[in-house]
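Novice: The sequence shown stops at residue 149 when you use UniProt numbering, and every number in between is there. Glycine included, each C-beta is placed from N, C-alpha and C at the ideal position. Remember, predicted model here, so these are calculated numbers, not experimental data. I'd like to ask some things about the structure below.
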Amino acid sequence: MGAFLFGLSYIYEKNQTMVKISAHIGKTNYITEIKGSHTIIADEPTEKGGGNQGMNPGELLASSLASCSLITMQMYAQRKAWDLAAAHVEISYEHDMKENTATMIKHITLTGNLDDAQRQRLKYFAGKCPVHRILEKAVNIESFLTDAV
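Here you go:
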């Protein structure tokens, strides 16, 4: 069984999710092509020497949280047959490079015929989306060098 998360394919296997993407950068400053089931471009703004052709990595991280929160709330509202007409999420975050800590703030706006209990339940489930859960826990990252083909 497969699904899509932010344009990148993933599969479910015994409560685990496997995501596989590839990214490539050439000689043009910072323009990075990222491929999954779709292709997107990451870049840096011109004031940092980039070409400003795509979101920077921090914006991609924040957009993953925003989109995952929105999709999770919409799925839950649809299952409950609630009148969620629209939802909007804004993410802001600060990364303290010296302390190597980050704080993300998520503002959620819901429109539709929803009572307070439904609104609170949707907010709760926004915090249960897979990206939110990954970000609030430690992530193990293993890096390996491979030979070019």
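By the 10 Å Cβ neighbour count, where 16 or more other Cβ atoms means buried, how is residue 124 classified, buried or exposed?
Specialist: Position 124 of the sequence shown, counting from 1, holds the residue named residue 124. Residue 124 is exposed by the Cβ-count criterion.
Novice: By DSSP's criteria, residue 113 is part of a beta bridge. Which residues make up the other side?
Specialist: In the sequence shown, the residue the question calls residue 113 occupies position 113. Partner(s): 83.
Novice: Cβ of residue 56 within 8 angstroms of Cβ of residue 42?
Specialist: Working through the sequence shown from its first residue, we reach residue 56 at position 56. Working through the sequence shown from its first residue, we reach residue 42 at position 42. Contact flag set, yes.
Novice: Does DSSP put residue 22 in a helix, in a strand, or in coil?
Specialist: Within the sequence shown, the letter at position 22 stands for residue 22. If DSSP states are grouped into helix, strand and coil, residue 22 belongs with the strands.
Novice: On the premise that residue 69 lies in contact with residue 106, defined as a C-beta separation below 8 angstroms, what is that separation, rounded to the nearest angstrom?
Specialist: Translated into positions along the sequence shown, residue 106 becomes position 106. Translated into positions along the sequence shown, residue 69 becomes position 69. 7 angstroms between Cβ atoms; contact.
Novice: Does residue 143 come out as helix, strand or coil in the three-state DSSP assignment?
Specialist: In the sequence shown, residue 143 corresponds to position 143, counting from 1. Residue 143: coil per DSSP, three-state reduction.
Novice: So the alpha helix (DSSP H) residue 134 belongs to, where does it begin and stop?
Specialist: Position 134 of the sequence shown, counted from the first residue, corresponds to residue 134. 130–135 is the extent of the alpha helix (DSSP H) around residue 134.
Novice: Hey, residue 32 and residue 25 are a contact pair by Cβ (cut 8 angstroms); roughly how many whole angstroms apart?
Specialist: Within the sequence shown, the letter at position 32 stands for residue 32. Within the sequence shown, the letter at position 25 stands for residue 25. Indeed, because the Cβ distance is near 5 angstroms, the residues count as touching under 8 angstroms.
Novice: Give a single yes or no on whether residue 100 has its beta carbon closer than 7 angstroms to a heavy atom of the ligand COA.
Specialist: Because no ligand of any kind appears in the structure shown, any question about the ligand COA cannot be addressed here.
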